[in-house]
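Start counting the sequence shown at 107; every next residue gets the next number (the numbering used here).
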Amino acid sequence: MESAAAKHDVFQAIADPTRREMLRLLGDRELPLKDISGRFPMSRTAVSKHLRVLAEAGLVHERKVGRETRYRLDADPLLELKRWLDYYERFWENKLSMLKHYVESEPGQSAEGLKLAETSEFKPGQAEGKNPGTGQGQAEGLKRRCAGKANKRGRTPK
107 MESAAAKHDV FQAIADPTRR EMLRLLGDRE LPLKDISGRF PMSRTAVSKH LRVLAEAGLV
167 HERKVGRETR YRLDADPLLE LKRWLDYYER FWENKLSMLK HYVESEPGQS AEGLKLAETS
227 EFKPGQAEGK NPGTGQGQAE GLKRRCAGKA NKRGRTPK
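Have a look at this one:
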């Protein structure tokens, strides 16, 4: 039995857009390697490596027909992935429903029409990683602090 670390994860396998396109192609029918590789701007070896990742994740099966290797989709791991995602969709729907109920249970409150500024402590500049007090970026502030420490030690800042 393969260890979990050695086997490619379904998430890793479908993370690459090339592999997702290969799955889409194989969803229609079984295809030989030469037909698959002819649809991508890469070498046959590179296509084979992508197919190997998909096979290790259990998403693709291969079979030899004479000298030809043919590949077909196995959607079972995707169904398992869908069940996992459905669980978290229900989880977050439940949490948001509870939050809505809580907000609406407050006298004079309704979840409808609330604006982002009314529901968070967001301040302009935070999205860009800037300190709201100084307007300075986090990296700039860190460089300034490090330069000050280096000067105290008799070093020149880089």
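All C-beta atoms in this analysis are idealised placements derived from N, C-alpha and C, irrespective of residue type, glycine included.
Name the DSSP bridge partner or partners of residue i?
i	result
GLU168	TYR177
LEU137	TYR177
Mapping DSSP to helix, strand and coil, what is residue i?
i	result
PRO213	coil
PRO183	helix
GLU234	Since pLDDT at GLU234 reaches only 47, below the 50 mark, its modelled position is unreliable, and no value is offered.
PRO147	coil
ALA163	coil
ALA111	A caution first: ALA111 carries a pLDDT of 43, below 50, which makes its placement in the model too unreliable to give a value.
PHE228	Reliability fails at PHE228, whose pLDDT of 46 lies under 50, so the model's placement of it is uncertain and the value that follows must be treated cautiously. The answer is coil: DSSP assigns PHE228 none of H, G, I, E or B.
Quick check: residue i and residue j, are their CB atoms within less than 8 Å of each other?
i	j	result
ARG125	HIS167	no
LEU139	SER154	yes
ALA119	VAL159	yes
LEU132	TYR177	yes
ASP180	LEU165	yes
ARG150	SER143	yes
Figure out for me which residue from the options has the closest Cα to the Cα of residue i.
i	options	result
ALA163	GLU195, SER211, PHE117 and GLY133	PHE117
LEU129	ASP115, HIS207, LEU184 and GLU212	LEU184
Any C-beta of chain D sitting closer than 8 Å to the C-beta of residue i?
i	result
TRP190	Protein chains in the displayed structure number just one, and chain D is not present.
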